[in-house]
Structure formats: C-alpha cells, structure tokens
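*Asks:*
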Amino acid sequence: MRQFRAYRLMLWLLIGLFVMVIRTNSASVEFESLDLVTERPAAFAQEKTPPASTAAGLLNQIDQLKATVETIRGLKFKSDIKRGLQSAQEFRTFLMKDIEREYTEKKLYAWKKWLVKFGFMEDQVDIKKLMYDLLQEQVIGYYDPERKKLYLIDRDLSDALGGAAQSKEEAAAMELLKSRGFELTAMLVAHELDHALTDQHFDLTKLRRQREANEDRSKAVTALIEGESTLAMIEYIFKGLGVDASVFPQFGDLMEGLSAAALPSLPKLDQAPAYFRENLMFSYMQGAKLAWALRKAGGWDLLNQAMRNPPESTEQILHPEKYWPTREQPIMVTVANAQTVLGHDWVLLEENSLGEFNLSILGRKYLPVARARTFAVGWGGDSFQIFEHKKTKETALVWYTTWDSVEDAKKFFSGYYEILTKKYTGAVSAPERILSGDTAALNPKAFDERLSLKIPNRNRQVVLERIGPDVVVVEGFAASLIDPLVRRVWQSRKQALATPLSSAK
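Okay, here's the thing in structure tokens:
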C-alpha cells in the first residue's frame with residue numbers, strides 16, 4: 022500500500038519545534054515559557070482565514086522546493102517529478118480503492134484475528150473503516166512511488182491541517198514563521214519531495230516489498246523512510262530560521278515528548294486502538310530519532326548508507342546503537358509445522374513476527390508502568406502462527422520467542438503470564454508452577470520453567486515454557502493438544518539474519 026503521510030501529526034511536530042526554536046532564541050521573541058514536552062496544550066482551533074497558499078499554488082513552487090531539498094540532502098533528482106491535483110472526493114475514492122486493493126477481505130480477516138487474539142484490540146473494531154478515517158483526515162498530498170507522481174489534494178488546506186495554534190508560544194512560532202517567509206504546507210510538500218528524491222536513488226517500493234511479509238521488518242524500514250524525510254523537513258526549517266541544529270542535543274527526548282503532547286489535538290488518532298495509534302506515530306517520531314542519531318554520527322552520507330542497508334527490526338529503530346556502528350541483527354525464527362499435530366480441524370491464518378515495538382505496546386496496555394518499560398527489552402526474535410478452528414471459528418496461537426539473555430527471557434515469561442491472566446477473565450492456574458526436574462512426562466527436552474492456565478469456556482488451555490533464553494507459548498487449544506504442540510514448537514529453527522538486503526541502484 023502507498024504510504025500516506027500523517028500531516029496533522031507532522032504539523033503538531035513542526036509547531037512544537039518552532040516553539041523550541043523560539044525558546045532557544047529568546048532575544049527574537051519574548052514570552053512566558055510553556056513546557057510543551059511535559060504539558061498537553063488545548064486542541065488547535067480552526068483558522069478564521071485560509072492559508073495564503075493553495076494546492077494549485079503549491080504546485081507552482083515545486084521546482085523551487087526541489088532545489089532546496091537537493092541542497093539539504095546532497096543528492097540530485099535524476100528526473101523531473103510528475104505532479105497533479107486531486108479533488109477531495111477523488112482522493113477519498115482513490116484511498117478506499119487502494120486500501121481494498123492492498124488489504125483483501127482474507128488479509129483483513131487474518132489481521133483482525135491475530136490482533137484480537139494477542140489482545141491489541143476488541144473484536145468489534147472495523148479495521149478498514151479505521152484506516153480510512155485516520156488517513157483521509159491526515160492527508161494534504163502524497164508521493165506515489167508506483168506512479169512516480171506527486172499529488173496535492175485540492176481542498177481548503179486549513180481544514181486538512183487542523184487549524185492554528187492558540188497558546189502564546191504557538192502564536193509566536195506562527196508569527197516567526199510568517200516573518201521568515203515560511204508556509205507550513207510548503208514544508209510538508211518538501212517532506213514529499215524528499216521521498217521522491219530518495220525513491221529515485223534507493224527505490225522505496227523495492228525497499229518495502231522486500232520486507233512486507235514480516236510485520237517487524239516492514240515497520241523498521243517504514244520508520245527509516247519516514248524518519249529520514251521528517252529530518253530533511255526539520256533541517257529545512259532550521260536552515261531557514263538560521264538555527265544551529267546542535268542546540269537540540271536531546272532531540273530524541275524532544276520527539277517522544279512531542280508525540281505524547283500531540284494527541285489531544287488529534288482526536289481520531291487519540292481514540293484509535295493503541296496498536297494503530299502508536300504504530301503511526303512510531304514511523305515519524307522514532308524514525309526521526311534514528312535518522313537524527315545517524316545524521317549526527319556521519320552526516321547525510323550515513324543516512325544514504327542506511328537506505329542501502331536499512332534496519333531489519335524495530336529493535337534497531339528503538340535502540341540506534343543496535344543498528345550503528347555495530348549492528349545487532351534479529352534472530353529469524355521458523356516455527357515448526359504445527360499442522361502435523363493439529364490435523365484438519367484447524368487452518369493456519371497467519372504467520373508473522375511481532376518484534377520489540379509491538380510487544381512494548383502490549384506491555385503498556387496490560388502491565389504496570391515499571392514492568393511495561395522492560396517487558397520487551399532484550400527481544401532477539403520471534404515468530405507466531407495463528408490458527409482458526411474450522412467449525413467453531415475459535416482462534417489459537419503458537420509462538421516462539423528468543424531473547425538476548427536468560428534474564429530478558431524471564432522478564433518476558435512472567436510478564437506475558439500476567440498479561441494472560443488479564444486477557445482471560447476467570448482463568449485459573451493449572452497446574453501449579455513446574456520447574457525443571459519434573460519434565461519427562463511433559464516434554465523430553467528439559468525446560469527451566471513452565472506455567473499453564475485453564476481458560477473458561479470450552480476447556481481451552483495456555484502453556485508457557487522457557488528453556489534458557491527462549492520462551493514458547495501455546496495458547497487456546499484443548500488440553501489434549503497442548504503438550505504435543507509444545508513439543509512440536511520446540512523443534513523450531515533459529516538463524517541470525519546474516520546479510521542485510523540492499524536496495525542500492
């Protein structure tokens with residue numbers, strides 16, 4: 022699917038950065054300080070007058086903006102960019118068709134089933150409608166890497182951007198912007214032009230398609246792509262304001278603070294299930310954090326290298342030191358074929374990897390704050406399979422996770438057990454905790470820890486087993502299937518991802 026930018030989220034990021042610029046350059050504008058990183062300002066009110074630039078007017082500025090983006094990135098466009106306008110209705114029609122093309126009913130069905138099974142969302146959520154609502158609200162334009170064309174939406178841009186700021190600092194930021202000749206919409210188009218530029222050099226479609234089958238790797242490369250273009254847009258702002266980017270040494274902390282403070286101004290995003298909300302924000306906030314770290318370490322040349330050999334896990338996005346200068350590659354897990362145990366009563370719906378970031382979302386939803394912070398840290402790799410019973414339509418899960426250390430595995434083991442007790446109301450321990458030494462009847466491969474739960478209704482069970490740094494989960498099957506499945510899943514294969522995929526042209 023084409024990547025449609027979350028412009029209202031980026032607008033809030035821009036406003037926040039302008040405020041930080043003003044606070045740093047207090048000689049230019051004087052006002053009382055408001056800490057946007059820790060406080061949550063009121064939602065933007067609607068502008069009384071539309072912005073000076075229109076979509077049609079912005080199209081006329083493309084060549085000028087292209088030159089600026091080339092200067093920032095140190096790259097040249099290899100060819101001109103096709104450009105055009107879409108009406109709001111044309112875009113809505115295009116967006117719905119694009120969602121339906123990418124997410125077939127079968128794919129949406131499987132996606133929803135595993136999101137519900139893990140506990141990311143409730144069953145009544147309409148994913149297609151949610152995606153449409155979030156995206157059509159956000160977009161003022163987009164670069165289509167398949168058609169190699171930049172589209173701007175021909176509508177009132179003030180509606181798309183959500184209105185003007187109201188606090189003293191935000192108002193001062195807007196005045197500073199106008200005095201320097203900036204238009205917010207032009208800056209956002211610069212973001213799209215950077216996508217077009219990097220596409221010509223690094224083939225964004227190929228980058229995504231090489232990894233789209235793996236949830237975690239796909240999110241990682243999207244975060245790099247969006248983070249790099251967000252950083253280019255930010256540098257465009259800094260250069261125009263004459264501000265040295267080094268005045269923001271804690272850029273990563275700033276991005277995280279702004280992402281939390283932005284939500285009250287973005288009600289649809291704020292009300293979305295955490296899985297969708299946090300993954301949308303992850304691409305921009307955490308992606309920009311990684312891009313900033315690489316930019317500081319080796320300039321745009323290092324970011325160009327990253328585009329050729331991108332991060333392969335959300336862990337590498339969350340912890341830049343695991344990507345550069347020494348790369349900690351994820352462990353690729355191939356789960357043993359559980360169908361040999363299940364027979365014909367169960368059908369495989371999905372096989373995928375959660376990764377550290379999705380695990381952290383799960384932890385924040387169910388665990389106390391202190392435990393949630395470390396629940397997913399130390400992730401090494403994982404792979405899950407979601408099955409559906411042909412007659413009852415119940416779903417069940419087998420899952421193999423591997424961790425950097427035994428201690429990391431223990432934290433996940435105990436944390437996920439606590440999550441299970443909250444997911445399954447009324448579940449009871451069955452049997453008590455079993456430690457190594459009493460394993461022969463259950464698993465010929467001695468385990469270090471084992472916990473199990475009986476799930477109310479239909480006599481389903483969950484078992485967790487840990488051997489060293491690895492944890493296996495078998496969740497939602499009848500008691501008679503549990504132990505054969507556990508033995509089977511322990512036969513899964515692990516292999517470090519060796520050679521990074523390259524997209525260099």
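Residue numbers (the numbering used here): 22 to 526. Note that CB positions come from ideal geometry on N, CA and C, so glycine has one too. Small disclaimer: the values here were computed from a predicted structure and weren't measured.
(1) Can you tell me the Cα-Cα spacing of F405 and L228, whole angstroms?
(2) Alpha carbon to alpha carbon, how far is V390 from E91?
(3) The alpha helix (DSSP H) spanning G78 covers which residue range?
(4) Can you pull the DSSP bridge partners for W511?
(5) How close, in whole Å, do the beta carbons of H410 and D469 come, if the pair is a contact with beta carbons under 8 Å?
(6) Taking the alpha carbon of A77 as the point to measure from, which residue in Q110, N379, L173 has its own alpha carbon closest?
(7) What does the Cβ neighbour count give for D322, buried or exposed, with the cut at 16 atoms within 10 Å?
(8) Under the DSSP definition of a beta bridge, which residues are partnered with S108?
(9) If distances are taken between C-alpha atoms only, which option among A327, N358, D220, S334 comes closest to V398?
(10) Identify the continuous beta strand (DSSP E) that holds A234 and give its terminal residues.
(11) Which one of W132, L370, M353, V354 has the shortest CA to CA distance from Q360?
(12) Taking 6 Å as the limit between beta carbons, can you name the residues of its chain near A309, skipping five residues before and five after?
(13) Using 8 Å as the threshold, is the C-beta distance between L388 and G436 below it?
(14) Inspect the beta-carbon positions of T416 and K127 and report whether they are closer than 8 Å.
(15) Per DSSP, what kind of secondary structure is H410 in: helix, strand or coil?
(16) When you compare the CB positions of G401 and P351, do they come within less than 8 Å of one another, or not?
(17) Going by DSSP in three states, W420 sits in which element: helix, strand or coil?
(18) For the stretch 477 to 485 against the stretch 435 to 450, do three or more pairs of beta-carbon atoms, one drawn from each stretch, fall closer than 8 Å, so that the two count as touching?
(19) Go ahead and label D220 buried or exposed: buried means 16 or more other beta carbons lie within 10 angstroms of its beta carbon, across all protein chains shown.
(20) In the DSSP assignment, what residue or residues form a beta bridge with E486?
(21) With a Cβ-Cβ cutoff of 8 Å, do Q82 and A207 count as a contact?
(22) Excluding the 5 residues preceding and the 5 following A500 in the sequence, name in chain order all residues of the same chain whose CB lies nearer than 7 Å to its CB.
(23) Let me know if D144 comes out buried or exposed under the rule of 16 or more other beta-carbons within 10 Å of its beta-carbon.
(24) Taking 6 Å as the limit between beta carbons, can you name the residues of its chain near F115, skipping five residues before and five after?
(25) Which same chain residues, not among the five before or five after W420, have their C-beta less than 6 Å away from its C-beta?
(26) When you compare only the Cα positions, how much space is there between S531 and D101?
(27) Run through DSSP, which three-state label would R122 get?
(28) Please report the distance separating the alpha-carbon of W345 from that of L324.
(29) Buried or exposed: which applies to E167, given that a residue is buried once 16 or more other Cβ atoms fall within 10 Å of its Cβ?
(30) So, at 6 Å on beta carbons, what are the nonlocal neighbours of Q516 in its own chain, with the 5 sequence-adjacent residues on each side left out?
(31) Suppose only complete runs of 4+ residues qualify. What are the alpha helix (DSSP H) ranges in the stretch 287 to 321, listed by chain order?
(32) Residue range of the alpha helix (DSSP H) that T219 falls in?
(33) Can you tell me which of I503, R94, D429 puts its alpha carbon nearest to the alpha carbon of A211?
(34) Which residue from T75, I246, D491, E233 puts its Cα closest to that of M306?
(35) What residue from L301, V264, L502 has the CA that sits closest to L363's CA?
(36) Here's the rule I'm using: 16 or more other beta-carbon atoms within 10 Å means buried, otherwise exposed. How should T15 be labelled?
*Replies:* In this structure, then:
(1) Taking the first residue of the sequence shown as position 1, residue 405 is located at position 384. Taking the first residue of the sequence shown as position 1, residue 228 is located at position 207. Near 24 Å, if we compare the C-alpha coordinates of L228 and F405.
(2) As a first step, residue 390 is located in the sequence shown; it is residue number 369 there, counting from the start. As a first step, residue 91 is located in the sequence shown; it is residue number 70 there, counting from the start. If I take the Cα positions, the gap works out to 44 Å.
(3) As a first step, residue 78 is located in the sequence shown; it is residue number 57 there, counting from the start. From DSSP, the alpha helix (DSSP H) with G78 extends over 76 to 81.
(4) Position 490 of the sequence shown, counting from 1, holds the residue named residue 511. According to DSSP, which records beta bridges pairwise, W511 is partnered with nothing at all.
(5) As a working mapping, residue 410 is identified with position 389 in the sequence shown. As a working mapping, residue 469 is identified with position 448 in the sequence shown. Incorrect: roughly 31 Å between the Cβ atoms, too far for contact.
(6) Position 56 of the sequence shown, counted from the first residue, corresponds to residue 77. Comparing Cα-Cα distances from A77 to each of Q110, N379, L173, the minimum goes to L173.
(7) The residue labelled residue 322 in the question sits at position 301 within the sequence shown. Per the 10 Å Cβ criterion, exposed.
(8) If you number the sequence shown from 1, residue 108 lands on position 87. In the DSSP output, where bridge partners are listed per residue, S108 has D175.
(9) Stepping through the sequence shown from its first residue, residue 398 is reached at position 377. Nearest of A327, N358, D220, S334 to V398, Cα basis: S334.
(10) Along the sequence shown, read from residue 1 onward, the residue named residue 234 stands at position 213. Here A234 belongs to no beta strand (DSSP E), and DSSP marks it neither H nor E.
(11) As a first step, residue 360 is located in the sequence shown; it is residue number 339 there, counting from the start. Residue L370 is the option with its Cα nearest to Q360.
(12) Translated into the one-based positions of the sequence shown, residue 309 becomes position 288. Excluding residues within five positions, the ones whose Cβ falls inside 6 Å are G248, T251, L252, M276.
(13) By 1-based counting over the sequence shown, the position of residue 388 is 367. By 1-based counting over the sequence shown, the position of residue 436 is 415. Yes.
(14) On the sequence shown, position 395 is the one that residue 416 refers to. On the sequence shown, position 106 is the one that residue 127 refers to. Result no, Cβ atoms of T416 and K127 do not sit closer than 8 Å.
(15) If you number the sequence shown from 1, residue 410 lands on position 389. Correct three-state label for H410: strand.
(16) Taking the first residue of the sequence shown as 1, we reach residue 401 at position 380. Taking the first residue of the sequence shown as 1, we reach residue 351 at position 330. Going by C-beta atoms, G401 is nearer than 8 Å to P351.
(17) Start at 1 with the first residue of the sequence shown, and residue 420 comes out as number 399. Here W420 sits in strand by DSSP.
(18) yes
(19) Counting from 1 along the sequence shown, the entry for residue 220 is found at position 199. Buried, since its Cβ has 16 or more Cβ neighbours within 10 Å.
(20) Reading the sequence shown from its first residue, position 465 is the one you call residue 486. Answer is R471, V493.
(21) Here residue 82 refers to the residue found at position 61 when the sequence shown is read from its first residue. Here residue 207 refers to the residue found at position 186 when the sequence shown is read from its first residue. Closer than 8 Å, so yes.
(22) In the sequence shown, counting from the first residue as 1, residue 500 sits at position 479. Here the set comprises N480, Q482.
(23) Within the sequence shown, residue 144 is the residue found at index 123, counting from 1. By the neighbour-count rule (16 or more Cβ atoms within 10 Å), D144 is not buried but exposed.
(24) Sequence index remark: in the sequence shown, residue 115 carries index 94 (1-based). No residues qualify anywhere along the chain.
(25) As a position in the sequence shown, residue 420 is number 399, starting the count at 1. Hits under 6 Å: F405, V494.
(26) Nothing about residue 531 can be read from this structure; the chain reaches only from 22 to 526.
(27) For the purposes of this step, residue 122 is taken as residue 101 along the sequence shown, with counting starting at 1. Looking at R122 - three-state DSSP - the assignment turns out to be helix.
(28) Residue numbering aside, residue 345 sits at position 324 when the sequence shown is read from its first letter. Residue numbering aside, residue 324 sits at position 303 when the sequence shown is read from its first letter. Their Cα atoms are separated by approximately 11 Å.
(29) Walking along the sequence shown from the start, residue 167 turns up at place 146. Exposed: under 16 other Cβ atoms inside 10 Å.
(30) Looking up residue 516 in the sequence shown gives position 495. Hits under 6 Å: M353.
(31) 288 to 292
(32) Here residue 219 refers to the residue found at position 198 when the sequence shown is read from its first residue. Element bounds for T219: 205 to 223.
(33) As a working mapping, residue 211 is identified with position 190 in the sequence shown. Checked all of I503, R94, D429; the closest Cα to A211 is R94.
(34) Position 285 of the sequence shown, counted from the first residue, corresponds to residue 306. The candidate whose alpha carbon is nearest that of M306 is I246.
(35) Residue mapping note: residue 363 aligns to position 342 of the sequence shown, counting from 1. Checked all of L301, V264, L502; the closest Cα to L363 is L502.
(36) Because the chain is modelled from 22 through 526, residue 15 falls outside the range shown and cannot be assessed.
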